[in-house]
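Each remark here refers to the structure printed beneath this line.
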Amino acid sequence: MKFFVDTSIFVDCLRKNIVPSSKYFLESFGDEHTGFTSSITVAELSVGAHLSQRSDALEMTLDLLSIVEVISVDKDVAIKGGEIYSHLAKNGEAIELNDCLIAATSLYVGINEIVTRNIKHFERIKAVEALTPEDIGF
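All letters in the sequence shown, in the order written, are residues 600 to 737 by the numbering used here.
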């Protein structure tokens, strides 16, 4: 099965107190599942790594990201992300542009389920379904 992974799930595994369900979910990639994420997530995680006090934070982040395929934001994804954002903004439901770009990237690769802890934001985007690792059995 294919899953699109939001930034929050990676953060769960980079924290001092790792969230077990997120860890088990990411560990399932390879034999059982295939994971994808957006280059936007890479940028968000890079910020965290560079702000971290840990000297190995970037190395840990890159190691964790190596288990998924990173999909770059191109012109088509950027246009779709802008469309999603503007639709939400017109309805008074705007969320961060980064989340709209992550959703657009997911849709670009044909995956409409995003595994996230940020359910409240992603559930506003009708074209995607926001799930937690617990929702899918982890």
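Beta carbons are placed, not taken as given, at the ideal position from N, Cα and C, and that holds for glycine.
Of the residues assessed, residue 720 falls on the buried side of the cut-off, its CB having 16 or more other CB atoms within 10 angstroms. DSSP places residue 728 in the uninterrupted beta strand (DSSP E) bounded by 728-730. Taking the Cα of residue 673 as reference, the smallest distance to any Cα among 648, 700, 686 and 657 is reached at 700. With contacts defined as CB atoms closer than 9 Å, residue 609 and residue 657 fail to qualify as a contacting pair. Our two residues, residue 722 and residue 680, have alpha carbons roughly 15 Å apart in a direct line. Cβ atoms of residue 606 and residue 640 come within 8 Å of each other, at about 4 Å. In this chain, the alpha helix (DSSP H) harbouring residue 676 covers 674-689.
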